[in-house]
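Student:
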Amino acid sequence: MTTSLERPRPHETPAALTALRDWQHDGAVMQLHPGDLGWYHRFGADTAADATRTWSRDGRILAVGLLDGPDLLRLTTAPDARDDRALAERIADDLADPDRGVLPAGRVNVEAPADAALQDVLAERGWPTDDPWTPLRRDLTDPVEDPGVHIETVGPDRVQDRVDIHVASFDQTTFTVERWHAMAAGAAYADARCLVAYDGGVPVAGVTVWSAGPGRPGLLEPMGAHRDHRGRGFGRAITIAAAAALRDLGASSAVVATPSDNPGAVATYASGGFTAGPEIRDRYRP
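Going letter by letter, the sequence shown gives residues 1 to 286 in the UniProt record's numbering.
Spelled out as structure tokens, the structure:
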């Protein structure tokens, strides 16, 4: 029985997406979502494939990782492989050795489900924990309230509004119209929507939501409110609109995570009906 590291070619990336969709379920701890791969697809199909890592046994994918930038690997496993010690040991070996091509040299963080055997293996090998993140979730069984502002689902005809909101919401971003089109060309975007909140015709907040399929949790990634219009409830409004859009797509719940040292973001999601769960922490290679 062998476990192999595979880096999907662009046309094979949907296999990783399919696995991630199948692994999403309510009650699971926060984990890598197909929407994370979908958002990363803004850099293009080849780049997204190069950033994806999979571990397989006998032809079945057991773990998927996304190198989300040069210093963070976001990784999850199949639910029935969370306690698979042999898989965890193999992944840990790959993560420790830059020559294996999974992680670059230097300090790199690894995000893995809190209940995965990999967490125990990395702890045993001396990988410390880093700053906490707060996962939040909203159940979508019941109808979602009206957000109280004008919301539009935007596509290619109004993509500039979505890009402008993102640029005005984050201090460092490389998002462009061209990258929106690259994102929208990815397989994951078939189950995604971009929403923009308007105040008097002016775009004031935006979000992209990603469905993992009916009856599964959907993801908000990313959400932002224009820095010139904060403090007026638009972040709350777009968060509620995101929950409503995911419910329309058949999602059972909406999930998101934000750094715990950003209390404003935590408060915004909470005001939109999201409940915070136990904090989670990455581990990093010392």
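Beta carbons are placed, not taken as given, at the ideal position from N, Cα and C, and that holds for glycine.
#1: Which word fits THR52, buried or exposed, when buried means at least 16 other C-beta atoms lie within 10 angstroms of its C-beta?
#2: Could you pull out every unbroken beta strand (DSSP E) segment of at least 3 residues lying fully inside the UniProt domain "N-acetyltransferase" (149-286), listed in chain order?
#3: Between the alpha carbons of residue 326 and HIS181, how many angstroms are there, rounded?
#4: Give me the DSSP bridge partner(s) of PRO132.
#5: When you compare only the Cα positions, how much space is there between PRO34 and TRP210?
#6: Within a Cβ cutoff of 6 Å, which residues of the same chain sit near ALA241, ignoring the five residues on either side of it in sequence?
#7: Would you list the residues sitting across from ILE91 in a DSSP beta bridge?
#8: Put THR2 into one of helix, strand or coil per three-state DSSP.
#9: Could you have a look at GLU12 and say whether DSSP puts it in helix, strand or coil?
#10: Please classify GLN172 as buried or exposed, where buried requires at least 16 other C-beta atoms within 10 Å of its C-beta.
#11: Which term fits ALA267, buried or exposed, when burial requires 16 or more other beta carbons within 10 angstroms of its beta carbon?
#12: Go through the stretch 74-118 residue by residue and report every complete run of the alpha helix (DSSP H) that reaches 4 residues or more, in order.
#13: Could you check what DSSP says for ARG21 in three-state terms: helix, strand or coil?
#14: Under the three-state reduction of DSSP, which class applies to GLY38: helix, strand or coil?
#15: Assuming TRP55 and LEU62 form a contact by the criterion Cβ under 8 Å, report the distance between their Cβ atoms to the nearest whole angstrom.
#16: Does DSSP put ASP120 in a helix, in a strand, or in coil?
#17: Does the distance from the C-beta atom of ARG90 to that of THR3 stay below 9 Å?
#18: With a Cβ-Cβ cutoff of 9 Å, do THR129 and ASP282 count as a contact?
#19: Report the rounded CA-to-CA distance for VAL167 versus THR174, giving the unit in angstroms.
#20: For residue 287 versus VAL102, is the C-beta distance shorter than 9 Å?
#21: Work out the CA separation of VAL110 and TRP23 for me, nearest whole Å.
#22: Under 9 Å, do ARG193 and LEU249 count as touching if we go by C-beta distance?
#23: Could you tell me which of GLY231, GLY206, PHE43 and ALA116 sits nearest to VAL154, measuring between CA atoms?
#24: Can you check which of these residues, LEU72, GLY106 and ARG230, is closest to ALA197 by C-alpha distance?
#25: Would GLU279 and PRO98 be called neighbours here (beta carbons separated by less than 9 Å)?
#26: Which stretch, first to last residue, makes up the beta strand (DSSP E) that contains ALA63?
Tutor: A quick look at the data gives this:
#1: Buried, because 16 or more other Cβ atoms sit within 10 Å of the Cβ of THR52.
#2: Restricting attention to beta strand (DSSP E) runs no shorter than 3 residues, the UniProt domain "N-acetyltransferase" (149-286) encloses them at 150-154, 192-199, 202-210, 217-225, 253-259 and 280-284, ordered along the chain.
#3: Absent from the model: residue 326. The displayed extent of the chain is 1 to 286, so no value can be given.
#4: For PRO132, which the question treats as bridged, DSSP gives the partners ARG281.
#5: Here the alpha carbon of PRO34 sits roughly 8 Å from the alpha carbon of TRP210.
#6: Around ALA241, the same chain offers PRO147, ILE151 and LEU195 as residues with beta carbons nearer than 6 Å, after the five sequence neighbours per side are excluded.
#7: Per DSSP, ILE91 has no beta bridge partner at all.
#8: Annotated three-state conformation of THR2 is coil, per DSSP.
#9: For GLU12, the three-state secondary structure derived from DSSP is helix.
#10: By the 16-neighbour rule on beta-carbons within 10 angstroms, GLN172 is exposed.
#11: Flag for ALA267 reads exposed.
#12: Complete alpha helix (DSSP H) runs here, min 4: 85-96.
#13: Note: ARG21 maps to helix in three-state DSSP.
#14: Assigned with DSSP and collapsed to three states, GLY38 falls in helix.
#15: Sure, about 5 Å apart at Cβ, within 8 Å.
#16: Three-state DSSP puts ASP120 in a helix.
#17: A Cβ-Cβ contact shorter than 9 Å links ARG90 with THR3.
#18: The answer is yes: Cβ separation under 9 Å.
#19: VAL167 and THR174: Cα-Cα distance of roughly 8 Å.
#20: The structure shown does not extend to residue 287, since the chain is modelled only from 1 to 286, so the question has no answer here.
#21: TRP23 and VAL110: Cα-Cα distance of roughly 19 Å.
#22: If you check the CB distance, ARG193 and LEU249 come in under 9 Å.
#23: If we check each option's Cα against that of VAL154, GLY206 comes out closest.
#24: Looking from the CA of ALA197, the closest CA among LEU72, GLY106 and ARG230 belongs to ARG230.
#25: No, Cβ-Cβ distance for GLU279 and PRO98 is not below 9 Å.
#26: According to the DSSP assignment, ALA63 belongs to the beta strand (DSSP E) that extends over 60-67.
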